[in-house]
Amino acid sequence: MALCPRRGAIAVAPVLDSEPPRAPALVGVALCVGGDAGYAPLSPATAEALHELLAGPRPKIVHHARDLDAALRRAGHALGGVAGDTALASFLVDPTKCIPHELERVAREYLQRALPTARDARGGAATFAEADPAAVAAWAVSSAVATEDLWTALVPRLDELDARKIHDDVELPLSGVLARMSADGVRVLPDVLASLQRDFGARRAEVEARVHELAGHPFNLGSSKQLGEVLFDELKIDVVKRNKTGYSTAADVLERLAPKHEIAERVLEWRALDKLINTYTEVLQRAIDPTDGRVHATFQQTAGASGRLITTDPDLQRTPIRTDDGRRIREAFVPRGGWELISADWSQIELRVLAHCSKDAALLRAFNERLDLHRQTAASIFDVVEAEVTREQRTVGKTVNFATIYGQGATALGQQLGVPRKRAQEMIDRYFELYSGVRAWLDRTIAEADANGYCETLLGRRRMIPELRSNNWQDRGYGERIAANTPIQGSAADICKLAMLQIQRELDARGLAAKMLVQIHDELLFEAPPAEVTEVVAVVRERMERCVELAVPLEVEVGVGPSWAAAH
DNA sequence: CGGTGTCTAGG
DNA sequence: CACCTAGACACCG
C-alpha cells in the first residue's frame, strides 16, 4: 500500500497488508515527505486509511514518528502504539554522524544498504501521484523493511550507551508533543505583516535611492560584490577587511565606516529592512495556512548536534527581537480569538547549568544569593567595587561570561569588544581568577572527553568528538570547544525537553485547553483562554523551575499579552 | 539548476 | 580565529 497525499508520499510497505511481517512484534513504517523532513497535509481519505492501517495492536517502529503523528493529527487522528523511532535512535547513537538522520543516510550507515530515494521513486515525475505506482510501491516496501531492520540494528547500540531510557522516556514522547505543537500551529495575522511590509518597503526604497545618489549611479544593493566595488574602488574608501572573494562589506565593517561615510550607514539601514521583508514579512505570510490562519512549523529533533530543537519552515526561532523594527514582527503572532499568549523564559539557563556542572564557588554564590552575575564579573575584570560598575562595564562582563561557555579566545574577544588582544587576555585571566572552579571544570571535562572520545549531557546523551583525536591542532581546538560547550548547551536543551514533557502532561491531566505553541531554546510560548491563564502560568513556572534539581535555582520570567510582542 | 560564498536573524 | 543554528540572495559553472 502506498498512499499519496498532495505533497510527497506516506509509504507503508504493501507486504504488511498481504504477508505476515518478518518480525511479528514489529511493524516497520517509513514516512517520507518528498525526501525532506516535514509534514504534509493529508487528504481525509488518506488519513482515514492510514489511521485504520496503523490501528492494529502490534507495536510500530517509525522513522520520524513526529511527521506521521503531525500529519495524522492535522486530519483529526492520533498516532498511538509507537515503540521505537529509528531517526531518534540514530540521533542518540551518534548525533552528528547522519544529520539530519534521514532514512537513506541512516540505512547506509547502519545496514550498509542503499535505499532508493524518494526522488528515485518519483522518476521524472513532479509528484508521487504522477509517478509510476510500481516504483513508488517498491520504494515504500524497501523503506518500511529498512526501518524495521534498523531498529533491530540500533537497539543493541542504544543499550550499550545506556540510552534506551532517553529514547523511551524523553525523545519518543517528546516527538508526540512536537507533533501536537506542529499540528496546532500558531495564529499569525497576515494583515499586520502586510502593513509592516508596506512600511518597510517604502523606507527601503527611499534608502536605496539615497545610496544610489551617494554612489553616483544605480547598482544592485543586494550584491556585496557590486557594493564592494562602489565603496572601495569608486569612492576609494579605505579597505577594512577582505574575504575569499574580495572586499568584505559585512556589518562590522560598515559600522566602522558609518561615522565618516553616510553611504555605509544607509547600506546598513537598507540591509536591515531588506532582511525583514525577505526573511520575515514575506515568508511568514506565505507560511500561514489559509484553512486555519495558523503557521505550522516543523520542530526538528534530530538536527541540532548538541541536542537542541530546531524549527524550520518557517524558522520561528529566529523571529527578530533585537531592533524595534524587527520586534514589530512579533505583533503579528497572536492567540486564537479571545485567548491570551503566554511567554515564559528561563533566566540565564546556560550559566546556571555551568554553575551546576562546575560547582564553582563564586558562580554558585551568585545564583543562590540572586546576585547580578554580569555585574560581579565586570567588577572583577575592571577591578572596581560592584556598586561602581557602569552599564558599559556590565555589558563587557556579560560578554566575558558568555565567552567562556563558547571557549572564546583572546583574539576574538578583543575583536568583539574592540580592545587590544592583550587587554582581552587580561580579562580572561581575571575571569578565571574569580571563577577558578570553572577553569578546573573545563580542564577536567576536556580531559575526560579526550580519554573517552565523547562528551555527555545531564541526561547522559552523548556526542562523539572525533576532532579530539585529530593531528591538526586547529581541529583539536575545535574539538575541545565542543567538549566544553556541548555539556552546557546540551544540558540546557535536556532541561527544556523535560519541562516541555511535564508541562504537556500536566495540561492534559488538568483538562486545560491551553496549548504549547513554540519552543525558542530557553523560551516557551503558550496560548490559553482567559479563565485558565492564572493556572497555566503557575503550571508552566512550576515545571520549568522544578523539572530538574540543580545546585542553583532556575528562574523563569513569564509574560501575558495579546501578542508575542506584548507577552515578552 | 545545484553548489558555494556572503550576509544576517536567533539562542 | 566563539558554540549551536536556518535561510535569502548573488554568483558561478
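Under my numbering, the first residue of the first sequence is numbered 31, with each subsequent residue one higher.
Every residue gets a Cβ at the ideal spot worked out from N, C-alpha and C, and that includes glycine.
Figure out for me which residue from the options has the closest Cα to the Cα of residue i.
{"i": "Ala224", "options": "Thr332, Ile91, Glu361", "result": "Glu361"}
{"i": "Thr311", "options": "Glu380, Ala151, Asp345", "result": "Asp345"}
{"i": "Leu202", "options": "Glu380, Ala117, Leu219, Ile267", "result": "Ala117"}
{"i": "His93", "options": "Asp179, Ala79, Asp162, Arg301", "result": "Asp179"}
{"i": "Glu139", "options": "Glu422, Trp181, Leu547", "result": "Trp181"}
{"i": "Ile372", "options": "Lys305, Leu554, Ala79", "result": "Leu554"}
{"i": "Glu399", "options": "Ala409, Ala77, Ser500, Ala385", "result": "Ala385"}
{"i": "Cys526", "options": "Pro496, Thr564, Cys577", "result": "Cys577"}
{"i": "Thr564", "options": "Trp369, Glu190, Lys271, Ala396", "result": "Trp369"}
{"i": "Leu145", "options": "Cys128, Val123, Val171, Glu478", "result": "Val171"}
{"i": "Arg338", "options": "Val449, Arg357, Thr420, Glu380", "result": "Glu380"}
{"i": "Pro5", "options": "Gly111, Arg217, Ile129, His242", "result": "The displayed coordinates of the chain run from 31 to 598. Any statement about residue 5 would go beyond what the structure contains."}
{"i": "Thr28", "options": "Asp473, Val419, Ala101", "result": "The shown model of the chain, from 31 to 598, leaves out residue 28, and the question about it has no answer."}
{"i": "Glu78", "options": "Glu132, His107, Lys90", "result": "His107"}
{"i": "Ile476", "options": "Lys271, Asp402, Arg506", "result": "Arg506"}
{"i": "Gln445", "options": "Ile340, Asp282, Thr420, Ser278", "result": "Asp282"}
Given a cut-off of 8 Å on the beta-carbon distance, is the pair residue i and residue j in contact?
{"i": "Lys389", "j": "Gly467", "result": "yes"}
{"i": "Met494", "j": "Tyr484", "result": "yes"}
{"i": "Asp99", "j": "Leu84", "result": "no"}
{"i": "Trp169", "j": "Asp150", "result": "yes"}
{"i": "Arg453", "j": "Phe462", "result": "no"}
{"i": "Met211", "j": "Val548", "result": "yes"}
{"i": "Ala440", "j": "Arg424", "result": "no"}
{"i": "Thr353", "j": "Ala302", "result": "yes"}
{"i": "Glu366", "j": "Ala213", "result": "It should be pointed out that residue 366 corresponds to Arg in this sequence rather than to Glu. Not in contact: Arg366 and Ala213 (Cβ atoms no closer than 8 Å)."}
{"i": "Ala374", "j": "Val582", "result": "no"}
{"i": "Gln227", "j": "Ile307", "result": "yes"}
{"i": "Thr429", "j": "Leu403", "result": "no"}
{"i": "Phe363", "j": "Trp594", "result": "yes"}
{"i": "Gln406", "j": "Ala396", "result": "yes"}
{"i": "Ile91", "j": "Gly114", "result": "yes"}
Excluding the five sequence neighbours on either side, which residues of its own chain have a C-beta within less than 8 Å of the C-beta of residue i, listed in chain order?
{"i": "Ala245", "result": "Val260, Glu264, Leu265, Ile293"}
{"i": "Arg511", "result": "Tyr436, Gly437"}
{"i": "Gly252", "result": "Asp304"}
{"i": "Asp192", "result": "Gly490"}
{"i": "Thr126", "result": "Ala335, Arg493, Met494"}
{"i": "Pro130", "result": "Ala67, Gln330, Thr332, Ala333"}
{"i": "Ile318", "result": "Val218, Pro220, Arg324, Val325"}
{"i": "Val313", "result": "Pro344"}
{"i": "Arg296", "result": "Val237, Arg240, Val241, Leu244"}
{"i": "Pro350", "result": "Leu306, Tyr310, Gly356, Arg357, Ile359, Arg360"}
Which stretch, first to last residue, makes up the beta strand (DSSP E) that contains residue i?
{"i": "Gln330", "result": "328-330"}
{"i": "Val92", "result": "90-93"}
For residue i, which residues from the same chain have a beta carbon less than 6 Å from its beta carbon, with the 5 sequence-adjacent residues on both sides left out?
{"i": "Leu488", "result": "Ser521, Asp524"}
{"i": "Val383", "result": "Ile518, Ser521, Ala522"}
{"i": "Ile550", "result": "Gln347"}
{"i": "Asp552", "result": "Asp375, Trp376, Ile379"}
{"i": "Ala596", "result": "none"}
Based on the DSSP output, what are the partners of residue i in its beta bridges?
{"i": "Thr341", "result": "Phe329"}
{"i": "Leu554", "result": "Ala374, Gln549"}
{"i": "Phe363", "result": "Val218"}
{"i": "Met494", "result": "Tyr484"}
{"i": "Glu587", "result": "Asp375"}
{"i": "Leu508", "result": "According to the sequence as given, residue 508 is Tyr; it is not Leu. DSSP lists no partner for Tyr508."}
{"i": "Val112", "result": "Lys90"}
{"i": "Arg601", "result": "The chain is shown from 31 up to 598; residue 601 falls before or after that span and cannot be answered."}
{"i": "Asn502", "result": "DSSP output for Asn502 lists no bridge partner at all."}
{"i": "Tyr277", "result": "Arg272"}
Between which two residues does the alpha helix (DSSP H) harbouring residue i extend?
{"i": "His242", "result": "220-245"}
{"i": "Val452", "result": "The sequence shown places Lys at residue 452, rather than the Val named in the question. Taken as a continuous stretch (DSSP letters only), the alpha helix (DSSP H) holding Lys452 covers 451-464."}
{"i": "Arg135", "result": "133-141"}
{"i": "Ser410", "result": "403-412"}
{"i": "Leu447", "result": "440-447"}
{"i": "Gly26", "result": "For the chain, the structure presents residues 31 to 598; residue 26 sits outside this window and is missing."}
{"i": "Leu393", "result": "391-398"}
{"i": "Phe262", "result": "No alpha helix (DSSP H) contains Phe262, which DSSP labels as neither H nor E."}
{"i": "Thr349", "result": "Element bounds for Thr349: n/a, residue is neither H nor E."}
Taking 7 Å as the limit between beta carbons, can you name the residues of its chain near residue i, skipping five residues before and five after?
{"i": "Arg573", "result": "Ala529, Gln532, Ile533, Glu536"}
{"i": "His197", "result": "Leu118, Ala119, Leu122, Leu188"}
{"i": "Ala479", "result": "Cys485, Ile495, Leu498, Ala513"}
{"i": "Cys128", "result": "Ser120, Arg135, Val136, Glu139"}
{"i": "Leu184", "result": "Thr116, Ala119, Ser120, Val123, Tyr140"}
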